[in-house]
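Just so you know, we're using full-length UniProt numbering here: the sequence shown kicks off at 1 and counts up by one.
This report concerns only the one structure given below.
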Amino acid sequence: MGQDRVFRIGLTMSGAISAGAYTAGVFDFLITALDAWEKAREEPNTPSHHAPITAITGASAGGMTAVLGLMALGRELQPTEKRTASESTINCVLPSLYKAWVEQVSMVAAEAGAIDLLSNEDIKDGKIRSLLNSKLLDNICSLALHVPEPSPSVSPYAFLAEPLHVYVTLTNLRGIEYDISFGPNDMYHYRMLSHGDNKHYIITGIGNNKVAASNWAAIDPGTPLKISDLNLAGGPSPGWQEMCNAALGTGAFPVGLASRIQSTVTGNYQGRQWAIPTPIGAGTFINPVWPDRWGANQAFSYVNVDGGVINNDPFELARYSIKELGEDNPRTAKDADRAVIMVAPFPEGYNFPPTDSLDDGLISIIKSLIPTLIQQARFKPAELVAAAHPEVYSRFLISPSRDGGNTVSSDNIACGLLGGFGGFLDQSFREHDFQLGQRNCQQFLRKHFTLPDNNVVMGGGDTNASGMTFLPIIPLLNNTGVEIVEPNWPRMKMTAYLTLINRIATRADSVVPLLLKQEVSSGIMRGFASIMWKFIPFISLKSKVVNTVKLLILAHLILRDQIEDGLDSQFNPTDSNRLRNYSAQQRQILVTLAAPGFDLRTISGIANETGLPNDIITTTLNGACDLPDNAVHKVWKSDIKSNTGEACYTLYSRRLGLLKTLPLIGGVLRKIDSVSID
Numbered sequence: 001m002g003q004d005r006v007f008r009i010g011l012t013m014s015g016a017i018s019a020g021a022y023t024a025g026v027f028d029f030l031i032t033a034l035d036a037w038e039k040a041r042e043e044p045n046t047p048s049h050h051a052p053i054t055a056i057t058g059a060s061a062g063g064m065t066a067v068l069g070l071m072a073l074g075r076e077l078q079p080t081e082k083r084t085a086s087e088s089t090i091n092c093v094l095p096s097l098y099k100a101w102v103e104q105v106s107m108v109a110a111e112a113g114a115i116d117l118l119s120n121e122d123i124k125d126g127k128i129r130s131l132l133n134s135k136l137l138d139n140i141c142s143l144a145l146h147v148p149e150p151s152p153s154v155s156p157y158a159f160l161a162e163p164l165h166v167y168v169t170l171t172n173l174r175g176i177e178y179d180i181s182f183g184p185n186d187m188y189h190y191r192m193l194s195h196g197d198n199k200h201y202i203i204t205g206i207g208n209n210k211v212a213a214s215n216w217a218a219i220d221p222g223t224p225l226k227i228s229d230l231n232l233a234g235g236p237s238p239g240w241q242e243m244c245n246a247a248l249g250t251g252a253f254p255v256g257l258a259s260r261i262q263s264t265v266t267g268n269y270q271g272r273q274w275a276i277p278t279p280i281g282a283g284t285f286i287n288p289v290w291p292d293r294w295g296a297n298q299a300f301s302y303v304n305v306d307g308g309v310i311n312n313d314p315f316e317l318a319r320y321s322i323k324e325l326g327e328d329n330p331r332t333a334k335d336a337d338r339a340v341i342m343v344a345p346f347p348e349g350y351n352f353p354p355t356d357s358l359d360d361g362l363i364s365i366i367k368s369l370i371p372t373l374i375q376q377a378r379f380k381p382a383e384l385v386a387a388a389h390p391e392v393y394s395r396f397l398i399s400p401s402r403d404g405g406n407t408v409s410s411d412n413i414a415c416g417l418l419g420g421f422g423g424f425l426d427q428s429f430r431e432h433d434f435q436l437g438q439r440n441c442q443q444f445l446r447k448h449f450t451l452p453d454n455n456v457v458m459g460g461g462d463t464n465a466s467g468m469t470f471l472p473i474i475p476l477l478n479n480t481g482v483e484i485v486e487p488n489w490p491r492m493k494m495t496a497y498l499t500l501i502n503r504i505a506t507r508a509d510s511v512v513p514l515l516l517k518q519e520v521s522s523g524i525m526r527g528f529a530s531i532m533w534k535f536i537p538f539i540s541l542k543s544k545v546v547n548t549v550k551l552l553i554l555a556h557l558i559l560r561d562q563i564e565d566g567l568d569s570q571f572n573p574t575d576s577n578r579l580r581n582y583s584a585q586q587r588q589i590l591v592t593l594a595a596p597g598f599d600l601r602t603i604s605g606i607a608n609e610t611g612l613p614n615d616i617i618t619t620t621l622n623g624a625c626d627l628p629d630n631a632v633h634k635v636w637k638s639d640i641k642s643n644t645g646e647a648c649y650t651l652y653s654r655r656l657g658l659l660k661t662l663p664l665i666g667g668v669l670r671k672i673d674s675v676s677i678d
């Protein structure tokens with residue numbers, strides 16, 4: 001009877017950059033819980049229904065997690081205990097996924113001399129493809145492809161569909177042409193290029209639940225892969241290597257990480273399924289238009305960047321993958337028998353601006369254009385229609401939550417700083433987010449991923465406070481019910497921060513000359529730019545760029561309380577002088593001193609920027625001025641006055657040299673060095 005009661009899951013994992021560590025933690029615990037349930041099938045009182053994963057879709061870091069997680073599953077579950085930098089313990093069942101997201105993908109490798117995002121393995125051929133070293137990601141995928149000895153023989157998982165469908169989104173820079181015909185006999189054509197692409201993989205042998213197989217994805221062209229071909233003695237089959245390249249492609253964040261070249265054939269686009277609500281007649285397909293000279297199933301290639309540029313949350317692919325053909329997914333509490341679970345480390349997205357500067361200047365328009373195009377490309381009106389139903393039990397969200405609160409936000413993950421790149425700064429940030437992902441998934445399964453007992457799939461249970469009886473769709477059995485402790489908030493050591501800045505400067509010194517050689521054809525201009533970059537005193541571009549990056553990172557670390565303050569030996573952890581005990585408003589004041597915009601700040605300037613009252617600003621600055629010199633957040637009050645006679649402040653670590661503070665000569669030196677005051 002339980003075999004007939006199946007709740008299908010479409011798992012989608014959004015783009016996250018370094019917060020892929022959080023997504024990996026969610027995925028690891030979800031698999032742990034599903035596996036524990038299957039192992040307890042024969043025990044008394046074990047729920048007899050099934051909740052297999054039918055399809056996994058992902059973009060950017062989510063797509064990389066989908067592929068690396070699947071490959072880890074193909075090497076058997078391996079319960080492992082990991083020790084963190086703070087000597088705490090993290091238990092996982094997919095250690096290779098943990099290793100990739102937590103231990104390997106870092107700007108500064110834990111082991112000196114090891115490859116990382118700031119080493120130079122990627123530029124040995126003299127070509128600059130990205131600001132960061134993407135060869136590290138190649139190494140991670142190579143390690144994932146490496147067949148362990150002895151070669152594992154994996155039994156199909158009952159909690160995965162057979163076949164399992166995997167989609168990763170890609171931004172195709174070449175584009176695929178589609179035409180709309182007009183006039184009699186299709187005389188005229190309106191031509192369009194689609195750049196929102198995806199790769200579809202059909203995995204057999206990894207799951208054994210055929211009841212949960214997708215009817216929609218089954219007729220969508222894709223690359224068939226056997227799980228047995230992942231573990232061949234001579235190495236995985238070419239299809240698995242191609243899948244790894246797709247993972248690298250979906251995570252190719254523009255400029256930061258290298259673009260990728262994808263190979264495909266026209267057959268992968270013929271008869272492709274479209275996740276749109278408008279029904280297409282049986283036997284009718286929306287097919288591309290190919291060059292006349294191309295033959296059948298023509299091979300071709302294209303350059304791609306991050307799939308999240310156009311489709312960062314591919315939940316529509318997951319939603320359609322769990323649908324019955326021609327039918328809507330049941331959504332009511334009684335009828336829901338399938339759902340999309342979306343893992344979104346950055347759930348807030350972009351908000352409607354409450355005010356607008358209405359700046360119509362050229363530079364302002366250029367700066368606004370790219371985010372406007374990206375947000376419009378990601379807009380999904382069809383999903384808005386589906387979301388309009390007031391009672392929906394067919395979609396669920398897992399997003400970062402801390403301190404037992406109901407608020408989900410990227411503020412709760414340590415990788416959330418610097419627009420998502422911050423997790424690469426320090427391993428402790430990724431350790432925190434992986435464990436938080438596990439905890440959030442556990443709490444989600446316990447409290448939110450539930451259905452009433454009169455649902456078609458469910459039966460029995462305890463009554464909650466509202467008088468309704470809700471049951472977990474995926475029960476927490478055996479050790480999975482033991483609460484995962486919320487990890488302590490991580491803080492980067494100052495020594496690690498300074499090492500990071502030195503490594504950034506070294507990387508810049510390697511990249512910029514090669515970039516000039518690559519992009520500037522004039523030898524004279526190239527020579528002039530090289531001199532400007534490094535050799536001119538006071539106005540060296542290198543020193544200004546590195547200093548700007550240094551201050552920008554420090555400002556973000558202070559704002560989010562993610563850097564140690566240097567006062568461990570002088571104040572106890574609860575002392576109000578500790579940075580960790582500063583309020584959000586106080587840290588906001590410090591950020592104005594750390595940010596690279598101005599060298600010296602006045603109380604009125606800080607008030608204009610933050611909107612905070614003068615008395616709070618004054619009290620905060622005076623208190624921080626009295627801190628020991630080694631405190632990260634110590635403030636320096638200068639003898640220099642602004643044009644309006646106000647006192648000037650900055651962080652003690654940014655204080656001006658003695659000569660710049662002297663009368664007369666100090667003013668000259670400040671002008672030469674463009675010292676700014678606000």
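The beta-carbon is built from N, C-alpha and C at its ideal position, and this holds for glycine as well.
Because the structure is a prediction, the values reported are computed rather than measured.
Open item on the list: Suppose the cutoff is 6 Å on Cβ atoms and the five residues either side in sequence are ignored; what does the same chain contact list for R75 look like?
Closed with: Taken in chain order, the residues that qualify are P152.
- [ ] Please state if the CB of E316 and the CB of I90 are separated by a distance shorter than 9 Å.
- [x] For the 9 Å CB-CB criterion, I90 and E316 do not form a contact.
Open item on the list: What residue range does the beta strand (DSSP E) around N172 cover?
Closed with: Note, N172: beta strand (DSSP E), 157 to 182.
TODO: State yes or no: is the C-beta of N455 within less than 9 Å of the C-beta of A333?
DONE: In this structure, the beta-carbon distance from N455 to A333 falls below 9 Å.
- [ ] Within its chain, find whatever has a CB closer than 7 Å to the CB of A336; leave out the 5 residues flanking it on each side and keep chain order.
- [x] P330, Y393, S394, L451, N455.
Task: Cβ contact (3+ pairs, closer than 8 Å) linking the stretch 217 to 232 and the stretch 284 to 304 - done: By the Cβ rule, the stretch 217 to 232 does not count as touching the stretch 284 to 304, because fewer than three pairs are nearer than 8 Å.
TODO: Enumerate in chain order the residues of its own chain whose CB-to-CB distance from I616 is below 7 Å, with the five nearest sequence positions on each side excluded.
DONE: Closer than 7 Å at Cβ, skipping near neighbours: Q585.
Task: Separation of V154 from K39, as counted between CA atoms - done: Cα-Cα distance, rounded: 16 Å.
TODO: Output the boundary residues of the alpha helix (DSSP H) element that contains W533.
DONE: Element bounds for W533: 523 to 534.
Task: Alpha-carbon to alpha-carbon, F449 and L476 - done: Each residue's Cα considered, the two are about 11 Å apart.
Task: Backbone CA spacing between S86 and D433 [nearest angstrom] - done: Between the alpha carbons of S86 and D433 lies a distance of about 14 Å.
Task: Whole-angstrom distance between K544 and V668, CA atom to CA atom - done: Rounded to the nearest whole angstrom, the C-alpha separation of V668 and K544 is 19 Å.
TODO: Output the distance between the C-alpha atoms of D313 and F571, rounded to the nearest integer angstrom.
DONE: D313 and F571: Cα-Cα distance of roughly 45 Å.
Task: Residue environment, S263, which counts as buried when at least 16 other CB atoms sit within 10 Å - done: So S263 counts as exposed.
Task: Residues near A33 in its chain [Cβ-Cβ closer than 7 Å; skip 5 each side] - done: The answer, listed in chain order, is L445, I474, L476, T480.
Open item on the list: Classify R83: buried if its beta carbon has 16 or more other beta carbons within 10 angstroms, exposed otherwise.
Closed with: R83 is classed as exposed because its beta carbon has fewer than 16 other beta carbons within 10 Å across all chains shown.
Task: Three-way DSSP call (helix, strand, coil) for T602 in this model - done: In this structure, T602 counts as coil in the three-state DSSP scheme.
- [ ] Can you grab the Cα-Cα spacing for the pair K323 / F346, in whole Å?
- [x] Approximately 27 Å between the Cα atoms of the pair.
- [ ] Rounded to whole angstroms, what's the CA-CA distance from K542 to T250? Just pull it up for me.
- [x] Straight-line Cα distance between these residues: approximately 32 Å.
Task: R670 versus I123 - alpha carbon distance - done: Taking the straight line joining both Cα atoms gives about 38 Å.
Task: Cβ neighbours of N630 in the same chain (closer than 6 Å, five flanking residues each side left out) - done: Excluding sequence neighbours, N630 sits near G566.
- [ ] Report all residues from its chain with a CB closer than 7 Å to the CB of residue 705; omit the five preceding and five following residues, and keep chain order.
- [x] Residue 705 is absent from the model: the chain starts at 1 and stops at 678.
Open item on the list: Using 8 Å for Cβ pairs, my map puts H195 next to Y167. What's the rounded Cβ distance?
Closed with: Contact between H195 and Y167 does not hold, since the beta-carbon distance rounds to 16 Å and is not under 8 Å.
Task: Beta bridge counterpart(s) of E81 as assigned by DSSP - done: Answer is N91.
- [ ] With H448 as the anchor, note down where its beta strand (DSSP E) starts and where it stops.
- [x] Careful: H448 lies outside any beta strand (DSSP E) and carries neither H nor E.
- [ ] Identify every residue that forms a DSSP beta bridge with R654.
- [x] R654 is not bridged to any residue.
- [ ] Would you mind sorting Y188 into buried or exposed? The rule is 16 or more other CB atoms within 10 Å of its CB.
- [x] Exposed.
- [ ] Have a look at Q104, I31, Q443 and flag the residue whose alpha-carbon is nearest the alpha-carbon of G423.
- [x] The candidate whose alpha carbon is nearest that of G423 is Q104.
Open item on the list: What does the Cβ neighbour count give for P400, buried or exposed, with the cut at 16 atoms within 10 Å?
Closed with: So P400 ends up on the buried side.
Task: Inter-residue Cα distance where the pair is P490 and N412 - done: So the alpha carbons of these two residues sit roughly 11 Å apart.
- [ ] Could you check if S410 is buried or exposed, using at least 16 other CB atoms within 10 Å of its CB as the buried criterion?
- [x] The residue in question, S410, is buried, as its Cβ has 16 or more Cβ neighbours within 10 Å.
Task: Enclosing beta strand (DSSP E) for K199 [first to last residue] - done: Element bounds for K199: 188 to 204.
Task: D462 versus F470: straight-line alpha-carbon distance, rounded - done: Confidence at D462 is low in this model, with a pLDDT of 48, below 50, so its placement is unreliable and no value can be given for it.
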